[in-house]
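Here is the structure we will look at, set down as structure tokens.
In this note's numbering, the protein residues as written are 823 to 1441.
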């Protein structure tokens, strides 16, 4: 029996079933006001009775009231937008355009009148423009799983059977008579002549038939109301069907542009035939290591043994042909792969701090320091015994902070003017796919040159001409990051490789001369590079602090007494030189935060042992 037929025969409420059917009929036809009035009347009648209210009446009343209110709110919003658009100065009415010249004391132009008439006769904007349509979804929009027939449900029953030295044909058909299963088979099958002794309790019938299928070369083709038994060696007798599956989440295709380069190769044979091979190269605009095809397609190609399948990426549809057993494998693959992909928000901050701020941060973040305690004791975390466990460094700059501590610390330093932010990029990653954040300037230079000479009647002019393709060097900040979410859904494994290139400039490298004595200077780039690489495990919302790389700003200031400081020999007595050395430290903050399917920040909290795991969202 079909599911729709079953729902039509259900009695929702013995006393108010007729009213329920009438309410549902009105709702299906869009007459929500009539349905609401009927539901209110039914609710009032039930409220007048002594005792508790019928839960089905309360459920229908709340549902109809909510839907009716949603439609009223939508109509109200559409009306307000319609009136606002008419009164807007950016949406003048036809009348105002026509009377504009008259209102100003000028006659209306003929071209304006013609244009207004044309606009009025041609409706460019549809009535639905700028209106909101509310979709009420009470369940999943798509269901890719197939409905099980009666025979498939019967195979989930547990049975108890005891038989000794009985042929397989008798066993199968006696089970069918006892459990009301319709078997259809050719009694001339060789497997039916074999005898078997069975003795089991509470075994799922489908598991028993799987054993028979594997060991006696039989196929059980499960239909809605029949089970066909055919020879397992003859695959032509397999009953196949075609199903269409619509995915909820869709595919993640590789990020590529179209072909921007074509290579043609011609091969000539002795017979004179020419074979032309065309190769197209696709350019990736996101080099994140993703495969050439979605992972679900690779799984289907490897594990689905059906006749054929086809994937429509634009419509998120998979079409497949195979037996019911093969299609059930495909459905399990789709169920596991068609899920929300976990994402991680990466927030990076590249800052430089003064020496005073650096020492202040070191005091705040000392690892394991407790001002109120007199000493620290070692703790065995790896199971090697406590004898040879050493204590970690008291000051380190590969710390892990939470979001609150980071915000408070950086805000205080910014107010004191002790920090300078180089860059603060943000990027969202898909689990286990790498990404790159870069911010800076690119400069180009050449590594090879040739000298060309141009001879005239009176002189020889030489010039230095670059050779080959130019090379590039980038200045600024760059962060390569990969985030892998742990199986517990809380910890994030981060692979980080930040790099800062500063003071990029072209400096003299060598000088060359030609035969005429003309000299040329070759310049190559020089830069200051600061880079780190590390791997660390953090919880959602925590921040990894890296850095401590020192750079010095050295300068000399000369102060002198006017006039006297410039007198030879004695002027030095009226001068004062001040050497200023300002050390600054580079710090890199990387915050990793889990994102929910709706885009909320997720942070897990510690709870007492034995209670269920919970999390709270951060905005």
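All residues carry an ideal CB built from backbone N, CA and C; glycine is no exception. Just so you know, these numbers come straight off a predicted model, no measurement behind them.
For residue 1038, same chain residues with a beta-carbon under 7 Å away, outside a window of 5 residues either side, are 990, 1013, 1016 in chain order. The residue among 1390, 1249, 1354 with its C-alpha nearest the C-alpha of residue 1417 is 1249. For residue 1347, the secondary structure class from DSSP, reduced to helix, strand or coil, is strand. C-alpha of residue 840 to C-alpha of residue 975: approximately 32 Å in a straight line.
Taking 9 Å as the cut-off, the beta carbon of residue 1284 is found closer than this to the beta carbon of residue 1342. Counted as a single uninterrupted DSSP element, the alpha helix (DSSP H) harbouring residue 869 occupies residues 854-869. For residue 848, no beta strand (DSSP E) run applies; the uninterrupted alpha helix (DSSP H) run containing it begins and ends at 839-850, by DSSP.
Going by DSSP, residue 1148 is part of the alpha helix (DSSP H) stretching over 1146-1159. Here DSSP, grouped into helix, strand and coil, assigns residue 1033 to helix. Residue 847 and residue 855 have their C-alpha atoms some 12 Å from each other.
Look at residue 1055 here: in three-state DSSP terms it is coil, with no helix or strand label. By the criterion of at least three beta-carbon pairs nearer than 8 Å, the stretch 1308-1328 is in contact with the stretch 1346-1364. Excluding five sequence positions before and after residue 844, the CB atoms of its chain that fall closer than 7 Å to its own CB belong to 860, given in chain order.
Excluding sequence positions up to five before and after residue 1333, its CB lies within less than 6 Å of the CB of 1341, 1343, all in the same chain and listed in chain order. In this structure, residue 1368 sits near residue 1412, with a CB-CB distance shorter than 9 Å.
In the three-state reduction of the DSSP assignment, residue 874 falls in the coil class, being assigned neither a helical nor a strand state.
Distance check between residue 1003 and each of 1420, 1042, 1023, 1010 places 1042 closest, using alpha-carbon atoms only. If you draw a 10 Å sphere on the C-beta of residue 1270, you find fewer than 16 other C-beta atoms in it, and that means exposed.
Residues of the same chain with a CB within less than 7 Å of the CB of residue 1420, apart from the 5 flanking positions on each side, do not exist. Boundaries of the beta strand (DSSP E) harbouring residue 1241: 1241-1245, taken from the DSSP string.
Here the stretch 1160-1178 lies against the stretch 1292-1306, with 3 or more beta-carbon pairs under 8 Å apart. CA-to-CA, the gap between residue 1404 and residue 1172 works out to about 19 Å.
In this structure residue 1363 is buried. Its beta-carbon is surrounded by 16 or more other beta-carbon atoms within 10 angstroms.
With respect to residue 1047, residue 971 sits close: the two C-beta atoms are nearer than 9 Å. One alpha carbon belongs to residue 1044, the other to residue 1146, and they sit about 7 Å apart. Burial of residue 1176 is indicated by the presence of at least 16 other C-beta atoms within 10 angstroms of its C-beta. Going by C-alpha positions, residue 883 is about 19 Å away from residue 872. The Cβ atoms of residue 1256 and residue 1317 sit closer than 9 Å to each other.
Under the Cβ criterion (8 Å, minimum of three pairs), the stretch 1137-1156 counts as touching the stretch 1120-1129. A straight-line Cα-Cα distance of about 18 Å links residue 1286 and residue 1347. It is roughly 12 Å from the alpha-carbon of residue 889 to the alpha-carbon of residue 897.
In its chain, beyond the 5 residues on either side, 1265, 1267, 1345, 1346, 1347, 1348 have a beta carbon closer than 8 Å to the beta carbon of residue 1328.
Fully enclosed beta strand (DSSP E) runs of no fewer than 3 residues occupy 1130-1134 of the stretch 1110-1140, in order along the chain. In the displayed model, residue 1278 falls within coil according to three-state DSSP, outside both helix and strand.
DSSP, read as helix, strand or coil, puts residue 1403 in strand.
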